[in-house]
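Undergrad: With this note's numbering, the residue at position 494 of the sequence shown is 494, and numbering never jumps.
The C-beta atom is built at its ideal place from N, Cα and C for all residues, glycine as well.
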Amino acid sequence: MMLSLKLIGVQGLVGTISSAIGNLTSAISIDLSGNELGGKLPRSLGNLCNLREIRLSSNKWSQEISEILESLSGCLSDRLEILDLSNSQLHGHLPDDLGWNSPSKFWTIKKSSQPFFLQNSISGPIPMSLGNLSSLRSLDLSNNQFNGTLPQNFGQLKNLDFLNLQDNSISGPLPVSFGNLSSLTYLFLQYNQFSGTLPQNFGQLSKLVTLYIESNMLEGVVTEVHFSNLTSLIELYALGNRLTLEVSYNWNPPFLLESLSFQSWNLGPNFPTWLFSQRHLQYLDISDTRISGVVPPSFWNFSSQFKFLNLSHNLIYGEIPNNPVIFSTLVIDLSSNYFNGSLPCISSSVIALDLSNNSFSGSISHFLCYKMNEPKKMELLNLGKNLLSGKIHDCWTMWQNLKILNLGNNNFTDNIPASIGSLTLLKSLHLHNNKLSKKLPSSLKNCKELVIIDLSENEFVGSIPSWIGHRLLSLMTLNLRSNNFHGHIPEELCALTSLQILDLSHNKLFGSIPRCVKNFSAMATKSHSYLDMNDYPWTDAFGESFPHESALLVIKGQFLEYSTILELVKSIDFSKNSLSGEIPEEVTNLRELQSLNLSYNLLIGSIPVNIGIMGSLECIDFSMNQLSGQIPSSMSSLTFLNHLNLSNNSLIGKIPLSTQLQSFEASSFIGNKLCGPPLTDNCTINSVKPNNENIGSKGTLGLEVDWFYVSMALGFVVGFLGVCCTLLLNKQWRIIYFRLLDHMGNRLRGVVLS
């Protein structure tokens with residue numbers, strides 16, 4: 001007698017399920033999950049009256065959910081306890097009767113405890129009839145496309161202990177009847193569109209252990225009543241709502257949390273002292289909660305038990321105690337506050353530390369060189385946007401786990417220490433906007449994992465090292481803007497096939513633009529050849545609390561900071577150098593490039609004729625060069641173009657007609673010999689600007705001569721030469737002419753004297 005059938009993840013198991021499966025009348029469990037089965041489920045499954053568990057997840061049914069449930073109707077519904085259809089490419093609506101032939105039987109199923117429909121594409125509202133499954137113990141509808149409001153009769157599911165509705169589009173208020181779910185232990189409602197206030201009777205869910213309501217649109221006031229009987233609560237994630245917590249100063253919560261996130265709530269202005277009662281707390285995120293003032297000194301000792309601490313984006317000020325025992329938390333984010341004083345020494349066990357955007361000042365020698373012989377576990381260090389100064393000391397040999405290092409926007413001086421080359425796991429290096437100088441250390445070529453280098457706004461000198469192209473082959477962003485680099489752009493950079501952002505502007509570079517720029521394949525194709533910049537170990541362990549990688553770029557003539565979409569940006573900026581020669585035609589191979597800035601150079605020749613094939617271009621700036629010829633007609637096909645500056649060159653002729661080009665201001669074209677809209681100067685028949693700037697008659701340039709002025713000048717010349725030649729060649733006429741002049745002179749003299 002067969003009691004169980006399991007074919008989990010069998011290699012090559014494809015096709016459909018035979019209707020003969022209905023002959024397994026003694027089976028109590030069927031598990032066909034993790035295969036590549038498809039087609040339609042046979043109706044004979046509904047005849048397996050003894051079946052209590054059926055798992056069909058992770059297949060390719062590609063079937064409407066109503067059809068699936070129709071196949072499972074029959075006496076099967078009498079004893080079925082577990083139905084798992086997760087991750088099976090299901091779609092359609094969940095019908096009110098759930099597609100069963102005998103809905104009255106289905107509503108009275110006493111042991112149908114675990115229907116799983118998660119990770120499909122099921123849409124529409126959740127049917128009210130689901131509230132009739134009074135014996136339901138577990139329901140997972142997450143990662144679908146459900147919308148509408150929740151049925152009020154959800155409160156009838158008195159035996160429900162697990163409910164997961166996350167990652168849908170469910171809206172409206174949370175049903176007050178939720179307070180009747182007396183058996184509820186795990187509740188996941190995050191990433192929906194729930195609105196309104198949090199019902200007070202949530203506080204009656206005494207068995208609730210985990211509550212996730214993050215990333216909704218809840219608002220209003222939350223009081224002690226909302227937590228009055230949550231004695232079992234361990235995890236509370238409520239970030240991303242607009243809720244205000246109003247509790248008494250001496251409030252003692254009934255729970256002992258291990259994880260708490262109130263990010264974006266209003267907890268301030270006073271620091272929430274009730275946190276001191278949470279002696280089991282390991283994860284705390286109260287960022288962006290309007291807390292101000294000084295952190296109570298006892299909190300720093302209390303926080304040593306944490307694994308994750310986030311107080312960022314508040315109004316907290318004051319100094320941090322210099323006690324490395326206190327700072328043993330694995331992940332610490334105190335960024336975007338008003339902390340001041342010296343940097344605190346920290347424990348070697350810290351994995352990630354973000355103190356950016358504060359007012360820390362002074363040297364970092366004590367911070368970097370603390371316990372120099374003790375290896376640090378730190379993978380992320382962000383000290384950017386502070387008032388730190390002095391040298392960056394040569395103490396990096398014990399920081400070899402670093403993957404992200406940001407010391408930008410400070411006042412550091414002198415050179416980059418050679419020991420930074422020991423950071424062989426480094427992926428991101430930000431030293432921008434300091435006063436660093438001298439040449440780049442050759443040891444930096446040992447950091448072969450680098451994806452982002454931002455050394456902009458410093459005083460570095462020398463030529464751009466060729467080893468960047470030889471050794472740092474994973475580079476996605478190279479920003480050397482506003483330094484004192486000189487010499488040619490090294491052709492070795494063209495080996496950086498993953499490069500998407502290249503900014504060499506505001507330097508002293510000369511020579512031509514390398515033709516090998518066509519090798520920047522990441523700028524030429526839509527495919528991504530690099531790793532996700534924001535995929536770091538602590539993201540999975542603690543959630544995405546740290547900011548994404550960012551870069552400050554000059555796009556469309558202004559500074560723009562790119563963060564979450566940084567990996568989608570593709571840009572070249574060579575502006576404000578002394579580059580000469582022509583714009584290489586090869587640059588048009590970079591068809592996914594979004595911004596190209598070559599302004600303020602000495603470039604000559606014409607704009608590449610095929611520039612129109614660079615269909616992703618949004619920004620072009622070729623201003624302040626010596627470009628000549630006409631604007632290529634292909635430029636009119638750049639439909640994404642929203643910033644154009646061709647001013648102050650030697651361009652001639654008519655501006656090509658297109659909706660795109662005529663939408664720009666006239667300032668985009670001034671300082672040339674151009675005509676036509678958006679300029680007010682009209683073109684003549686052959687596209688000449690009718691003013692005295694146009695010179696000569698060159699049919700190849702489409703210019704026309706104004707014959708009225710030519711004939712007038714020619715007549716004057718012919719007449720003048722005719723008179724002069726006659727006087728020179730005929731002596732008698734010459735004598736008569738001069739006598740006539742003498743006579744006229746005597747007459748005029750007589751008139752004047754009288």
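Let me know the beta strand (DSSP E) ranges lying completely inside the segment 216-252, each 3 residues or longer, listed in chain order.
TA: 217-222, 235-237 and 242-245
Undergrad: Once the 5 residues before and after residue 410 are set aside, which same chain residues still bring their CB inside 6 Å of it?
TA: The residue given as residue 410 occupies position 410 in the sequence shown. Cβ within range, chain order: 386, 388 and 434.
Undergrad: Are the beta-carbon atoms belonging to residue 615 and residue 591 less than 8 Å from one another?
TA: What you label residue 615 is simply residue 615 of the sequence shown in a count that begins at 1. What you label residue 591 is simply residue 591 of the sequence shown in a count that begins at 1. Result yes, Cβ atoms of residue 615 and residue 591 sit closer than 8 Å.
Undergrad: Does DSSP put residue 559 in a helix, a strand or coil?
TA: Residue mapping note: residue 559 aligns to position 559 of the sequence shown, counting from 1. The answer is strand: DSSP assigns residue 559 an E or B state.
Undergrad: Quick one: what's got a C-beta closer than 7 Å to residue 664's C-beta in the same chain, skipping five residues either side?
TA: Counted from its first residue, the sequence shown places residue 664 at position 664. Excluding residues within five positions, the ones whose Cβ falls inside 7 Å are 644 and 678.
Undergrad: Taking the alpha-carbon positions, what's the residue 15 to residue 170 distance?
TA: Translated into positions along the sequence shown, residue 15 becomes position 15. Translated into positions along the sequence shown, residue 170 becomes position 170. Distance between the alpha carbons of residue 15 and residue 170 is about 35 Å.
Undergrad: Name the DSSP beta bridge partners of residue 582, please?
TA: By 1-based counting over the sequence shown, the position of residue 582 is 582. Bridge partners of residue 582: 604.
Undergrad: Under a Cβ-count criterion, where at least 16 other Cβ atoms within 10 Å of its own Cβ denotes burial, should residue 319 be classed as buried or exposed?
TA: Taking the first residue of the sequence shown as position 1, residue 319 is located at position 319. Label assigned to residue 319: exposed.
Undergrad: Assuming residue 243 and residue 265 make a contact with CB atoms under 8 Å, what is their CB distance in whole Å?
TA: To locate residue 243, count along the sequence shown from 1; it is residue 243. To locate residue 265, count along the sequence shown from 1; it is residue 265. With a Cβ gap of about 5 Å, residue 243 and residue 265 count as contacting.
Undergrad: Would you call residue 477 buried or exposed, if buried means 16 or more other Cβ atoms sit within 10 Å of its Cβ?
TA: Position 477 of the sequence shown, counted from the start, is the residue given in the question as residue 477. By the 16-neighbour rule on beta-carbons within 10 angstroms, residue 477 is buried.
Undergrad: Check whether the Cβ atoms of residue 83 and residue 59 lie closer than 8 Å to each other.
TA: For the purposes of this step, residue 83 is taken as the residue at position 83 of the sequence shown. For the purposes of this step, residue 59 is taken as the residue at position 59 of the sequence shown. With respect to residue 59, residue 83 sits apart: the two C-beta atoms are not nearer than 8 Å.
Undergrad: Kindly indicate which three-state DSSP category residue 16 falls into: helix, strand or coil?
TA: In the sequence shown, counting from the first residue as 1, residue 16 sits at position 16. Coil, per DSSP.
Undergrad: Is it right to say residue 331 is buried, meaning 16 or more other beta carbons lie within 10 angstroms of its own, or is it exposed?
TA: Your numbering for residue 331 matches position 331 in the sequence shown. It counts as buried.
Undergrad: Here's a check: name, in chain order, each residue in its chain whose Cβ is nearer than 6 Å to the Cβ of residue 334, leaving out the five neighbours to either side.
TA: Counting from one through the sequence shown, the residue named residue 334 turns up at place 334. Only 311 and 355 meet the Cβ criterion.
Undergrad: Going by the CB atoms, is the gap between residue 599 and residue 635 shorter than 8 Å?
TA: As a first step, residue 635 must be located in the sequence shown, where it is residue number 635. As a first step, residue 599 must be located in the sequence shown, where it is residue number 599. The criterion of a C-beta distance shorter than 8 Å is not satisfied by residue 635 and residue 599.
Undergrad: Please report the distance separating the alpha-carbon of residue 575 from that of residue 505.
TA: Looking up residue 575 in the sequence shown gives position 575. Looking up residue 505 in the sequence shown gives position 505. Using only the alpha carbons, I get a separation of about 5 Å.
Undergrad: Just tell me which of 452, 391, 463 and 400 has its CA closest to the CA of residue 442.
TA: Indexing the sequence shown from 1 puts residue 442 at position 442. Here the closest residue by C-alpha is 463.
Undergrad: Can you tell me the Cβ-Cβ gap for residue 259 and residue 239, rounded? I've got them flagged as a contact below 8 Å.
TA: The sequence position of residue 259 within the sequence shown is 259, counting from 1. The sequence position of residue 239 within the sequence shown is 239, counting from 1. Contact doesn't hold; Cβ gap of about 11 Å is too wide.
Undergrad: Is residue 226 buried or exposed, if buried means 16 or more other CB atoms sit within 10 Å of its CB?
TA: The residue given as residue 226 occupies position 226 in the sequence shown. Buried is the call here.
Undergrad: Are there 16 or more other CB atoms within 10 angstroms of the CB of residue 20, so buried, or fewer, so exposed?
TA: As a first step, residue 20 is located in the sequence shown; it is residue number 20 there, counting from the start. When all chains shown are included, residue 20 counts as exposed.
Undergrad: Alpha carbon to alpha carbon, how far is residue 526 from residue 662? Give it in angstroms, no decimals.
TA: Counted from its first residue, the sequence shown places residue 662 at position 662. Counted from its first residue, the sequence shown places residue 526 at position 526. Their backbone Cα atoms lie some 29 Å apart in a straight line.
Undergrad: Among the residues of its own chain, which have a CB less than 8 Å from the CB of residue 537, if the five just before and after it don't count?
TA: Walking along the sequence shown from the start, residue 537 turns up at place 537. Low per-residue confidence applies at residue 537: pLDDT is 46, beneath 50, and the placement is therefore not dependable enough to give any value.
Undergrad: Going by DSSP, what residue range makes up the beta strand (DSSP E) through residue 412?
TA: On the sequence shown, position 412 is the one that residue 412 refers to. Segment 411-414, the beta strand (DSSP E) holding residue 412.
Undergrad: What are the start and end residues of the beta strand (DSSP E) that includes residue 54?
TA: As a first step, residue 54 is located in the sequence shown; it is residue number 54 there, counting from the start. Looking at the DSSP string, the run of the beta strand (DSSP E) that includes residue 54 is 53-55.
Undergrad: What would DSSP say about residue 800, mapped onto helix, strand or coil?
TA: What the structure shows of the chain is the stretch from 1 to 754, and residue 800 is not part of that stretch, so it cannot be assessed.
Undergrad: From the DSSP output, which residues share a beta bridge with residue 438?
TA: As a position in the sequence shown, residue 438 is number 438, starting the count at 1. Residue 438 is bridged to 460.
Undergrad: Give me the Cα-Cα distance between residue 466 and residue 518, rounded to the nearest whole angstrom.
TA: Within the sequence shown, the letter at position 466 stands for residue 466. Within the sequence shown, the letter at position 518 stands for residue 518. Whole-angstrom Cα-Cα distance: 18 Å.
Undergrad: Spell out the partners DSSP gives residue 619 in its beta bridges.
TA: As a working note, residue 619 is residue 619 in the sequence shown. Paired residue(s): 595 and 643.
Undergrad: For the ligand ZN, I want to know if residue 526 counts as a neighbour, meaning its beta carbon is within less than 7 Å of at least one of the ligand's heavy atoms.
TA: What this structure holds is no ligand at all, so the ligand ZN is not there to describe.
Undergrad: Drop a sphere of 10 angstroms on the beta-carbon of residue 568, count the other beta-carbons inside from all chains shown, and report buried for 16 or more, exposed for fewer.
TA: Numbered from its first residue, the sequence shown carries residue 568 at position 568. When all chains shown are included, residue 568 counts as exposed.
Undergrad: Start and end of the beta strand (DSSP E) containing residue 297?
TA: Looking up residue 297 in the sequence shown gives position 297. Residue 297 -> not in any beta strand (DSSP E); alpha helix (DSSP H) instead, spanning 297-302.
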